[in-house]
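Engineer:
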Amino acid sequence: MPKALCLTSLVVAALLFILFASDFGMSMAGMDDVAPFQGASMMMDIAFLILSVTLGILSWITFREQV
227 MPKALCLTSL VVAALLFILF ASDFGMSMAG MDDVAPFQGA SMMMDIAFLI
277 LSVTLGILSW ITFREQV
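227 is the number of the first residue of the sequence shown in our numbering; add one for each residue after it.
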């Protein structure tokens with residue numbers, strides 16, 4: 227069960243990273259109307275990118291310890 231939770235959190239971290247990276251990239255490219263959150267807050271995008279990378283790293287480390 228702990229391995230499944232680690233893999234689930236890795237998937238969640240990847241999905242969050244993709245979502246907020248696309249919003250950040252599209253808002254920087256001037257395509258605010260097609261960005262997922264219409265470029266609402268650049269600080270929110272940066273914060274969630276950092277947090278998703280942190281969640282991915284912590285999940286990976288924990289997954290490696292489970293083996």
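Built from N, CA and C at the ideal position, the CB exists for glycine as well.
All values reported here derive from a predicted model rather than from experimental measurement.
(1) Measure the beta-carbon distance from ALA230 to SER278 and round it to whole angstroms, keeping in mind my assumption that it falls under 8 Å.
(2) Helix, strand or coil: how does DSSP classify GLN292 here?
(3) Of the residues CYS232, MET227, PRO228, which one's Cα is nearest the Cα of TRP286?
(4) Mind checking GLY265: buried by the 16 CB within 10 Å criterion, or exposed?
(5) Report yes if the CB atom of MET268 is closer than 8 Å to the CB atom of PHE250, and no otherwise.
Structural biologist: The answer reads as follows:
(1) About 20 Å separates the two Cβ atoms, so there is no contact after all.
(2) helix
(3) CYS232
(4) buried
(5) yes
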